[in-house]
Structures are given as C-alpha cells and as structure tokens.
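Heads up: the sequence lines are chains G and S, in that order.
If you count by this note's numbering, then the first sequence holds residues 109 to 445, one letter each, in order.
If you count by this note's numbering, then the second sequence holds residues 109 to 445, one letter each, in order.
Positions of the beta carbon are idealized from the N, C-alpha and C atoms, including for glycine.
See structure below.
Protein chains: 2
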Amino acid sequence: MESLFLLVLGNTEISTVPGISVAGATPELTKLTPPADAEYIFYEKPKIIDAIPVTPEGHPTPAIITKAARELARFPIIVIRGGTYLAPKVPHVHISDVVGRDFRKEPALPEVEDIIETARLFGEELNKEPIEELVIGESTPGGTTTAQAVLWTLGYEAKTSSASPNNPQALKEQVIKAGFERAGIRFGELSDEPIEALRQFGDPMMATVIGISLGFRKKVVLAGGTQMLAVAALLKALGESLDRFMIATTKWVVNDRSATFIETAKEIGIMSYAADLDFSRSEFKGLRDYEKGYVKEGVGAGGATWLAVKAGFSPEDVSRKVEELYKQLMNLKAASP
Amino acid sequence: MESLFLLVLGNTEISTVPGISVAGATPELTKLTPPADAEYIFYEKPKIIDAIPVTPEGHPTPAIITKAARELARFPIIVIRGGTYLAPKVPHVHISDVVGRDFRKEPALPEVEDIIETARLFGEELNKEPIEELVIGESTPGGTTTAQAVLWTLGYEAKTSSASPNNPQALKEQVIKAGFERAGIRFGELSDEPIEALRQFGDPMMATVIGISLGFRKKVVLAGGTQMLAVAALLKALGESLDRFMIATTKWVVNDRSATFIETAKEIGIMSYAADLDFSRSEFKGLRDYEKGYVKEGVGAGGATWLAVKAGFSPEDVSRKVEELYKQLMNLKAASP
Numbered sequence: 109m110e111s112l113f114l115l116v117l118g119n120t121e122i123s124t125v126p127g128i129s130v131a132g133a134t135p136e137l138t139k140l141t142p143p144a145d146a147e148y149i150f151y152e153k154p155k156i157i158d159a160i161p162v163t164p165e166g167h168p169t170p171a172i173i174t175k176a177a178r179e180l181a182r183f184p185i186i187v188i189r190g191g192t193y194l195a196p197k198v199p200h201v202h203i204s205d206v207v208g209r210d211f212r213k214e215p216a217l218p219e220v221e222d223i224i225e226t227a228r229l230f231g232e233e234l235n236k237e238p239i240e241e242l243v244i245g246e247s248t249p250g251g252t253t254t255a256q257a258v259l260w261t262l263g264y265e266a267k268t269s270s271a272s273p274n275n276p277q278a279l280k281e282q283v284i285k286a287g288f289e290r291a292g293i294r295f296g297e298l299s300d301e302p303i304e305a306l307r308q309f310g311d312p313m314m315a316t317v318i319g320i321s322l323g324f325r326k327k328v329v330l331a332g333g334t335q336m337l338a339v340a341a342l343l344k345a346l347g348e349s350l351d352r353f354m355i356a357t358t359k360w361v362v363n364d365r366s367a368t369f370i371e372t373a374k375e376i377g378i379m380s381y382a383a384d385l386d387f388s389r390s391e392f393k394g395l396r397d398y399e400k401g402y403v404k405e406g407v408g409a410g411g412a413t414w415l416a417v418k419a420g421f422s423p424e425d426v427s428r429k430v431e432e433l434y435k436q437l438m439n440l441k442a443a444s445p
Numbered sequence: 109m110e111s112l113f114l115l116v117l118g119n120t121e122i123s124t125v126p127g128i129s130v131a132g133a134t135p136e137l138t139k140l141t142p143p144a145d146a147e148y149i150f151y152e153k154p155k156i157i158d159a160i161p162v163t164p165e166g167h168p169t170p171a172i173i174t175k176a177a178r179e180l181a182r183f184p185i186i187v188i189r190g191g192t193y194l195a196p197k198v199p200h201v202h203i204s205d206v207v208g209r210d211f212r213k214e215p216a217l218p219e220v221e222d223i224i225e226t227a228r229l230f231g232e233e234l235n236k237e238p239i240e241e242l243v244i245g246e247s248t249p250g251g252t253t254t255a256q257a258v259l260w261t262l263g264y265e266a267k268t269s270s271a272s273p274n275n276p277q278a279l280k281e282q283v284i285k286a287g288f289e290r291a292g293i294r295f296g297e298l299s300d301e302p303i304e305a306l307r308q309f310g311d312p313m314m315a316t317v318i319g320i321s322l323g324f325r326k327k328v329v330l331a332g333g334t335q336m337l338a339v340a341a342l343l344k345a346l347g348e349s350l351d352r353f354m355i356a357t358t359k360w361v362v363n364d365r366s367a368t369f370i371e372t373a374k375e376i377g378i379m380s381y382a383a384d385l386d387f388s389r390s391e392f393k394g395l396r397d398y399e400k401g402y403v404k405e406g407v408g409a410g411g412a413t414w415l416a417v418k419a420g421f422s423p424e425d426v427s428r429k430v431e432e433l434y435k436q437l438m439n440l441k442a443a444s445p
C-alpha cells in the first residue's frame with residue numbers, strides 16, 4: 109500500500125502558559141519546536157535553532173523516532189504549516205500562518221473555516237494521487253490542553269496525556285475552566301457544534317488535519333496520542349464515519365495512567381495501534397527516561413513506526429536507529445565550539 | 109503512468125518594465141498574475157483579485173486551458189510558490205517568497221542556491237511517492253526576458269516568445285544588454301556557470317524548477333514554451349542528461365516566427381510536444397485571438413493538454429471545455445453588480 113506521511117505543524121499561545129508544556133526547553137522556546145522538529149527530519153540538526161527541541165530536563169524530541177523510522181523505511185514526508193509563529197526552513201505546504209490564541213482571553217481560532225477549507229482542497233488533490241493511505245503526524249506544543257478543552261466541549265470526560273511524567277492536569281483543568289467561563293460554555297455543550305468547539309478552544313493543527321481528512325477520501329492514520337483523539341471526536345461530530353480512520357501512537361501514551369487514551373478511544377469508537385518501542389537499554393539517560401514517561405509521543409512517532417513495521421522493520425530496529433541518531437547528535441554537540 | 113502536475117509561481121521585477129510583459133492588464137497587475145492563475149485553477153474565479161488575469165487588450169490567461177484540461181482528465185495539481193510578491197490563496201508548497209530583481213540594476217537572484225536546495229529536497233520527497241512523471245508548468249510574468257538573458261549568457265542565440273503578437277524583441281534586447289553591462293558579462297560567458305547565470309539574470313521559477321528536477325529522478329515534462337528552454341539549457345549546463353526530460357508546449361509557441369523555439373530546442377537537444385489547440389471557431393474574440401498570437405502559452409497549458417490527451421481526450425475536447433469555462437466567466441461578469 110502506498111502511504112504518504114504528512115507532518116502538520118501548529119502553535120497555540122497556550123504553550124507559553126508556564127508549566128503547561130514541556131515541548132521546549134522554556135515556554136518561549138516551545139514556539140520554535142514545530143519548525144525545528146520538521147527541519148530535524150530532513151537535516152542533521154534544525155536550521156531555525158542550533159539544537160534539537162528538548163524538554164526543560166533535556167529529553168530529545170520524538171522527532172528522533174520519526175527520523176529513525178523514515179531513515180529505515182524511506183517513506184515520503186510532506187511538511188504542512190497548519191499555523192505556526194515561524195515558517196520551517198524546509199519545503200512545506202502552506203495552509204496558514206495564524207497560531208491558536210489563548211482561549212482564556214478570546215476565541216482560539218476565528219480562522220477555523222478558512223483553514224479547514226484550504227486544507228480540504230489540499231486533501232482533495234492528494235486524493236487524486238496514487239496514494240492509498242495518509243499518515244498524519246503533528247508537532248503542536250500545548251496541544252494536549254487544547255485537545256482536552258475540545259474533548260470536554262464535545263462531552264468526553266477525557267484526560268489528555270502530557271510530555272511530562274507529571275501530567276499537569278490540575279493546571280490544564282484550571283486553564284480550560286477559565287476558557288469555558290470566558291466563552292460562557294459548559295461541558296458537552298458543543299457536542300453538535302464541532303466547528304464552534306474548534307473556533308473557541310482549538311488550534312490550527314486540529315483544523316488542518318480535519319480539513320485534509322475531509323478532502324482525502326481513503327485511509328487516514330491519525331499519528332498521535334490524545335491530541336488525535338480530539339481530532340477523531342471532531343470528525344465524528346462532523347458526521348464522518350470513523351471506519352477509514354485509525355490512531356497510531358506509542359505504548360507510552362497508551363500506558364499513561366494520568367490520561368484516558370484507551371477509554372476515550374473506545375468511547376469515540378476509533379481503532380488504535382501502539383508502537384512497542386523500548387528505550388530501557390539505551391546508553392543515554394535522555395532516551396532511557398522515555399520509559400519513565402518523559403516525552404511519550406509527537407511528530408507522528410507512533411505512525412512513523414507503524415510505517416516502518418509495515419515495511420518489514422521491527423520496533424527494535426527503530427529503537428536501534430534512534431540510538432544511532434542520538435549518538436550522532438551527541439558527537440555533533442561535543443564537536444561544536 | 110501516474111503523473112503529477114506542479115504549477116510553479118514566480119515573479120520578477122522585470123515584468124514591471126513598461127511594454128515588456130502583457131501577462132496582466134497593466135505592468136503593476138502582472139505582480140498578481142501568478143497567484144490569481146493558481147487560484148483560478150481551483151475556484152470559479154481568483155480570490156486575490158476579482159477577475160482572471162488578462163492582457164491589456166482583455167485576452168484571458170492560459171490558466172483557462174490548464175483548468176479545462178484538468179476538469180476533463182482530473183489530474184492532481186500542486187501549486188508551488190517558487191518566489192512571488194504575494195502568496196496564492198490556495199494550499200501551496202512554499203519554496204521562497206523572494207522575487208527576481210531587476211537585473212539592469214543588481215543581481216537578479218542572490219538566493220539562487222537556497223531556492224534550488226529547498227526545491228531539490230521537495231523533489232526528493234516526490235521521488236519516493238508512487239509518481240512516475242512530473243509535469244511542471246509555470247506562471248511568471250516577464251519570464252521570457254529573464255529566459256532570453258539566461259540563454260544568451262549560456263551561449264544560445266535564442267529569441268524567446270511573448271504573450272503579445274508583437275514580440276517586444278527590441279525592448280527585451282535593450283534590457284538584456286543593460287543587464288550584461290551592469291554585470292560586466294558577455295554573450296556565452298557563463299556557459300560553464302549556470303548557477304551564476306541564474307544569480308545574475310534568472311528568476312525564482314527557473315531556480316525552483318531546476319531544484320525539483322534535480323531531486324526527482326524520474327520523467328520530467330517541462331510544461332512551457334521558450335522559458336522552459338532556458339530551464340533545459342541550465343539543466344544541461346549543470347551536467348544533467350536531458351534523456352528523461354521533454355518540453356510540452358503549444359502550437360502557438362512553436363509557430364511563433366518572432367522566436368526560435370524549434371531551433372533552440374534542437375540546439376539544446378530536448379524533445380518537444382506541441383498541443384494542437386485551435387480556438388479559431390470560438391464564439392469569443394478573446395479566445396479567437398489566440399490564433400493571432402495573443403497569449404500562446406503559460407500556466408503549463410501545453411503540458412496540461414498533454415495529460416488530457418494521454419487520458420484519452422482530444423485537443424478538440426480541451427478546446428470545447430475552454431469555450432465552456434469562458435462562457436461561465438462571461439456570465440459571472442454579466443451577473444456581478
């Protein structure tokens with residue numbers, strides 16, 4: 109089966125709320141994470157900044173898994189700028205350059221309809237290409253909070269995961285409640301209004317993935333964790349049958365007891381695949397810590413592993429390749445002045 | 109054979125030299141022609157401006173041919189922003205947002221290497237997709253002048269065509285000579301330095317098409333007239349074998365006695381196809397005038413017809429569809445307040 113991997117980049121101002129996202133060394137640096145992730149897939153290191161994205165404690169971006177899977181299976185990747193502060197310095201499809209706003213203060217995405225329409229048009233073109241399956245990953249710091257807000261408005265009692273082993277659920281819920289107050293909206297109140305849910309609480313990644321998924325009529329693998337549950341729930345609320353969709357994520361998301369991946373996937377009614385990556389025997393603490401719940405998923409890591417597995421590689425092959433890439437990064441770092 | 113049509117948009121300041129380009133109702137409007145062409149392919153009319161691009165005398169853009177061929181053969185089109193003043197309001201691959209500078213005053217494209225590298229990376233990704241043939245069209249007002257300048261630096265005594273029946277060759281040559289003086293370069297002097305030829309006299313469309321063609325290793329159809337001769341000559345000077353390339357254009361370019369399409373194609377050593385479109389019996393003067401040498405080619409009109417013919421349609425089918433689309437445009441115009 110001919111598959112194409114799309115990497116959708118999104119930003120939301122929510123990522124700069126202190127403590128809410130570890131998808132960057134500092135809240136401010138989370139703004140650069142999506143383009144840096146995309147650049148790292150194609151080059152030895154990002155161009156927009158001289159180091160790969162890391163958590164505040166130095167754990168490497170899951171883009172390293174996507175890069176590893178791709179270097180094995182050699183599937184094509186098209187980068188999509190769903191809506192980011194900065195354009196990535198790689199060829200990419202431009203959908204929008206707006207970022208999700210802080211929904212505690214104002215509607216998150218007034219441009220939702222334009223973004224969906226533009227993305228839908230792109231999905232329609234891909235539909236005409238000899239591609240049978242889209243695997244859509246994302247890089248969206250702060251995206252688990254927008255996802256949880258959207259799931260709540262749609263009536264799912266979900267807890268989304270986090271790239272930190274200490275899921276900041278209390279903070280997320282406080283932020284979401286402030287957003288609900290600002291918008292005058294209660295839990296479940298937008299279950300029949302998915303576009304309004306996106307406008308009030310979403311992010312440009314979600315709108316872009318939805319648009320592409322509406323335009324492309326064949327199989328779609330939503331490559332991500334609990335953020336992709338929000339996308340699936342929105343598609344369902346829009347009247348799409350989920351038969352042609354599945355979620356590909358990692359075991360780290362599925363095993364996260366601070367979140368409700370399995371329960372919510374079941375409630376939505378979407379199938380899922382969990383990549384069985386194991387970094388416990390890595391030489392590097394940054395990777396071993398993935399087993400402690402750091403990072404977990406992102407940049408379509410689970411979906412990229414799915415493509416590698418379909419191409420005949422094992423999750424162990426992917427883990428070994430990750431180890432190799434991380435070693436190269438460490439050598440680069442040691443060699444730099 | 110699975111084909112993908114790419115539409116590369118480019119601008120050069122040269123198009124604003126009065127009298128040099130008729131790819132727009134006024135020299136200033138030529139700046140909007142590339143995005144408007146791309147938008148018209150996807151919508152009933154452009155978004156960036158409320159009418160399709162026309163010559164100063166009202167002849168419609170050749171995008172109408174591309175749109176007609178696509179509506180018959182339903183091939184996928186990906187729009188590429190090689191380098192334009194404005195982004196098109198359709199999903200598009202972003203390569204650059206620089207325009208070619210007026211080469212009488214300064215080097216045209218200092219960013220040539222970045223553009224080629226970014227476009228090459230995109231071509232490499234397409235190479236991994238199940239696509240056997242790229243058909244690359246362009247919309248670049250002023251582009252026949254940059255093309256002729258480049259051909260001259262490479263040592264070809266070429267005359268490029270024009271969208272006007274009165275090819276402004278004297279003006280083109282005067283502009284090119286001013287550029288040669290500014291750069292201190294003689295005819296044929298850059299025959300071994302194609303990148304320098306592009307830097308001094310090129311435009312972002314040429315650099316983008318070259319980058320994509322270097323990254324994609326299968327069959328490439330350069331869909332355009334004498335501008336694509338310059339691209340072919342540059343590829344040859346870069347050491348590429350032209351065996352996997354061909355040019356698809358229209359009979360109007362091939363029959364243009366003010367230009368040297370056939371002679372120069374032969375000198376470069378590239379095969380060509382000429383779409384046998386005939387608008388002589390059109391109900392509309394704007395289309396009938398194509399037979400008098402207005403417009404001739406652009407937006408990959410010849411290449412789009414090539415794809416329609418391969419899909420089992422005749423050039424007459426394409427001509428009929430053009431007539432139908434033009435009628436719709438006239439009705440829209442009549443209906444607007």
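Determine, using beta carbons only, whether residue i comes closer than 8 Å to chain G.
{"i": "R365(S)", "result": "no"}
{"i": "K236(S)", "result": "yes"}
{"i": "F421(S)", "result": "no"}
{"i": "I203(S)", "result": "yes"}
{"i": "L180(S)", "result": "no"}
{"i": "T226(S)", "result": "yes"}
{"i": "A195(S)", "result": "yes"}
{"i": "F387(S)", "result": "no"}
{"i": "F288(S)", "result": "no"}
{"i": "F353(S)", "result": "no"}
{"i": "F183(S)", "result": "yes"}
{"i": "F150(S)", "result": "yes"}
Using C-beta distances below 7 Å, list every residue in its chain close to residue i, excluding the 5 sequence neighbours before and after it, in chain order.
{"i": "P126(S)", "result": "P135"}
{"i": "K175(G)", "result": "Y148, I149 and L433"}
{"i": "K280(G)", "result": "I128, T253 and Q256"}
{"i": "L415(S)", "result": "S111, F113, A177, A181, F183 and V243"}
{"i": "P218(S)", "result": "R307"}
{"i": "I370(S)", "result": "V362"}
Let me check one thing: in DSSP terms, what residues is residue i bridge-paired to?
{"i": "G191(S)", "result": "G118(S)"}
{"i": "M379(G)", "result": "M354(G)"}
{"i": "H167(G)", "result": "Answer is none; H167(G) lacks a bridge partner."}
{"i": "I303(S)", "result": "Answer is none; I303(S) lacks a bridge partner."}
{"i": "K327(S)", "result": "E241(S)"}
{"i": "S111(S)", "result": "E241(S)"}
{"i": "V162(S)", "result": "P168(S)"}
Near residue i, which residues of its chain fall below 6 Å by C-beta distance, leaving aside the five closest residues on each side in sequence?
{"i": "H167(S)", "result": "G394, D397, Y402 and V403"}
{"i": "E304(G)", "result": "L298"}
{"i": "T124(G)", "result": "P135"}
{"i": "S366(S)", "result": "N275"}
{"i": "I239(G)", "result": "E110 and L112"}
Within 8 Å (strictly less), CB to CB, does residue i reach chain S?
{"i": "V198(G)", "result": "yes"}
{"i": "F460(G)", "result": "Residue 460(G) is absent from the model: chain G starts at 109 and stops at 445."}
{"i": "F186(G)", "result": "Note on identity: in this sequence residue 186(G) is Ile, with Phe being the wrong assignment. I186(G) counts as touching chain S."}
{"i": "F211(G)", "result": "no"}
{"i": "L112(G)", "result": "yes"}
{"i": "E233(G)", "result": "yes"}
{"i": "L217(G)", "result": "no"}
{"i": "L229(G)", "result": "yes"}
On the criterion of 16 or more Cβ atoms from any shown chain inside 10 Å, does residue i qualify as buried, or is it exposed?
{"i": "D210(G)", "result": "buried"}
{"i": "L346(G)", "result": "exposed"}
{"i": "M336(S)", "result": "buried"}
{"i": "S388(G)", "result": "exposed"}
{"i": "A442(S)", "result": "exposed"}
{"i": "R189(S)", "result": "buried"}
{"i": "K435(S)", "result": "exposed"}
{"i": "G170(S)", "result": "Checking the sequence shown, residue 170(S) turns out to be Pro, not Gly. Burial call: buried."}
Give me, in chain order, the residues of the same chain whose beta-carbon lies closer than 8 Å to that of residue i; leave out the 5 immediate sequence neighbours on both sides.
{"i": "P142(S)", "result": "L117, G118, N119, T192, P196, S247, T248 and P249"}
{"i": "V206(G)", "result": "G191, L217, E219, I223 and P312"}
Within 8 Å (strictly less), CB to CB, does residue i reach chain B?
{"i": "V220(S)", "result": "Although the question refers to chain B, the structure presented lacks it and instead comprises the protein chains G and S."}
message = Could you tell me which whole alpha helix (DSSP H) segments of length 4 or greater appear in the segment 213-280 of chain G?
response = 220-236 and 251-261
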